[in-house]
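Chemist:
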Amino acid sequence: MALLGWSPNYWVALLAMIVVGVSSGAALTPMMGMLAPWFRATDRGMAAGIAATGGSLAIVFTGVIVPPLTGLFGADAWRYTWYVLAATSVFIGVLCVSFIRESPSIPTASSQPSPSPANSPARTPVRPGTGGWPVQVYTNPFVWLITGMAFCSGFIHGILTSGYGAFLEVEHGIDVAVVGALFMGIGILSIGSGVGSGALSDKVGRGMAFGATFLIEAACYALFWLAPGLIVFIIASVLAGFALRSTYTICAAAAGDFVPVFMAPASFGLMGMGAGIGGTISPAISGPIADATGTLSWSFAMAAGMALVGAALGFTLHWITRRRQHTLGRAN
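For the sequence shown, this note's numbering assigns the number 4 to the initial residue and increments by one for each residue that follows.
As structure tokens, this is what we get:
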């Protein structure tokens with residue numbers, strides 16, 4: 004970020020942005036993956052939800068610091084903004100190294116998923132992959148099923164971030180200040196959405212929580228598509244805020260449910276890869292479609308359809324885990 008602030012030309016800025024993107028993902032994966040050793044399966048959703056609020060608070064933080072910097076430094080404000088963010092990251096890194104510990108006890112290669120009550124929806128229906136780390140993660144069908152849902156989530160959110168402003172302001176004439184307020188409202192609502200969805204996944208199971216989240220998103224994007232208008236945009240934005248951090252949180256909670264807890268970061272990394280691929284390709288698909296049709300409506304239609312696919316995968320996960328719990332219960 005400091006290099007980005009200093010960059011004298013486009014190519015240096017491009018290189019700096021690549022490094023920023025890589026390092027952000029590199030920090031995110033162990034950050035959320037390390038929750039598994041610290042919490043029981045029945046508490047991980049709430050813990051992941053609290054941790055995920057940091058991403059939403061970051062939006063508020065940048066909204067607070069960027070305008071004053073713009074007033075102080077004028078045309079060079081973007082450079083000083085990156086310097087401030089770089090210094091903030093260094094400060095947070097020092098705090099992490101000083102205070103955060105890997106786990107309550109050092110996990111071993113033979114560690115198994117943490118136990119939970121037999122009647123708990125979050126109880127792990129273990130069907131481990133073959134081999135050791137990280138092969139056991141990459142051959143685990145549950146991890147791949149959740150990775151598929153992460154892909155759906157990334158695809159949906161890629162459309163939201165790339166098309167929201169243009170759809171409301173350019174296509175439907177909503178004032179830019181109103182669009183900005185609605186988008187900030189999405190960010191504010193998302194602060195609580197992760198905690199709520201994480202706690203829900205602890206109670207009813209990861210699959211059911213995934214399914215419910217994707218159904219909310221399906222309703223949200225169907226409203227954008229089928230009934231555009233200010234009142235509908237407000238309702239759809241509220242729904243988007245409720246669901247924005249939910250799939251991310253549930254993925255983090257589930258990362259250690261189906262593999263030994265010390266493999267949770269690798270599991271979450273695979274899920275993050277799925278979300279990243281989805282978020283990368285959706286604008287590349289929706290943009291040409293919008294150019295060809297003259298409207299972004301079909302982009303939101305795609306998002307609604309992908310949300311239904313995600314819901315189907317979530318309820319499939321719920322059905323499989325419930326069935327395996329029932330089988331294990333009968334065997335015991």
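Virtual Cβ for every residue (Gly too), placed ideally from N, Cα, C.
At 4 residues or longer, and completely inside the segment 161-232: list those alpha helix (DSSP H) runs for me, N to C.
Modeler: Counting only runs of 4 or more, we get 179-207, 209-229.
Chemist: Do P33 and P268 have their CB atoms nearer than 8 Å?
Modeler: Stepping through the sequence shown from its first residue, residue 33 is reached at position 30. Stepping through the sequence shown from its first residue, residue 268 is reached at position 265. Taking 8 Å as the Cβ cut-off, P33 and P268 qualify as a contacting pair.
Chemist: In three-state terms, what does DSSP make of I103?
Modeler: Locating residue 103 in the sequence shown gives position 100, counting from the first residue. Of the three classes helix, strand and coil, the one that applies to I103 here is coil, per DSSP.
Chemist: Express the C-alpha separation of A90 and L6 in angstroms, rounding to a whole number.
Modeler: By one-based count along the sequence shown, residue 6 stands at place 3. By one-based count along the sequence shown, residue 90 stands at place 87. When rounded, the distance between both Cα atoms is 12 Å.
Chemist: Should S196 be labelled buried (16 or more other beta-carbon atoms within 10 Å of its own) or exposed?
Modeler: For the purposes of this step, residue 196 is taken as residue 193 along the sequence shown, with counting starting at 1. So S196 counts as buried.
Chemist: In three-state DSSP terms, what is N12?
Modeler: Translated into positions along the sequence shown, residue 12 becomes position 9. Three-state result, N12: coil.
Chemist: In the DSSP assignment, the alpha helix (DSSP H) including T296 goes from what residue to what residue?
Modeler: Here the question's residue 296 lines up with position 293 in the sequence shown. Where T296 is concerned, the enclosing alpha helix (DSSP H) stretches over 267-296.
Chemist: Over what stretch of residues does the alpha helix (DSSP H) that includes V262 continue unbroken?
Modeler: Your numbering for residue 262 matches position 259 in the sequence shown. Looking at the DSSP string, V262 is not in any alpha helix (DSSP H), and its letter there is neither H nor E.
Chemist: My output table needs one value for F64: the three-state DSSP class, helix, strand or coil.
Modeler: Counting from one through the sequence shown, the residue named residue 64 turns up at place 61. F64 falls in the helix class under three-state DSSP.
Chemist: Going by CA-CA distance only, name the one from T216, V241, M37, I194 that's closest to C155.
Modeler: Here residue 155 is taken as the residue at index 152 of the sequence shown, counted from 1. Ranking the options by Cα distance to C155, first place goes to T216.
Chemist: Could you pull out every residue in the same chain whose Cβ sits closer than 6 Å to the Cβ of T231, ignoring the five residues on either side in sequence?
Modeler: To locate residue 231, count along the sequence shown from 1; it is residue 228. A quick correction: the sequence has Pro, not Thr, at residue 231. H175, listed in sequence order.
Chemist: How many angstroms separate the CA atom of G279 from the CA atom of P107?
Modeler: Counting from one through the sequence shown, the residue named residue 279 turns up at place 276. Counting from one through the sequence shown, the residue named residue 107 turns up at place 104. C-alpha separation (whole angstroms): 31 Å.
Chemist: Who are the near neighbours of S289 in its chain, counting only those whose CB is closer than 6 Å to its CB and skipping five residues on each side?
Modeler: As a first step, residue 289 must be located in the sequence shown, where it is residue number 286. Taken in chain order, the residues that qualify are I162, S302.
Chemist: Taking its Cβ as the centre, do 16 or more other Cβ atoms sit within 10 Å of T283, making it buried, or is it exposed?
Modeler: Residue numbering aside, residue 283 sits at position 280 when the sequence shown is read from its first letter. With fewer than 16 Cβ atoms within 10 Å of its Cβ, T283 is classed as exposed.
Chemist: So, helix, strand or coil for A125, using DSSP?
Modeler: Here residue 125 is taken as the residue at index 122 of the sequence shown, counted from 1. Residue confidence for A125 is low, a pLDDT of 46 falling below 50, so the modelled location carries little weight and cannot support an answer.
Chemist: Taking G157 as the reference, give the member of L320, W81, R327, M309 with the closest Cα.
Modeler: As a first step, residue 157 must be located in the sequence shown, where it is residue number 154. Ranking L320, W81, R327, M309 by Cα distance to G157 puts M309 first.
Chemist: Have a look at G275 and A44 and give me their C-alpha separation to the nearest angstrom.
Modeler: For the purposes of this step, residue 275 is taken as residue 272 along the sequence shown, with counting starting at 1. For the purposes of this step, residue 44 is taken as residue 41 along the sequence shown, with counting starting at 1. Computed Cα separation, rounded: 20 Å.
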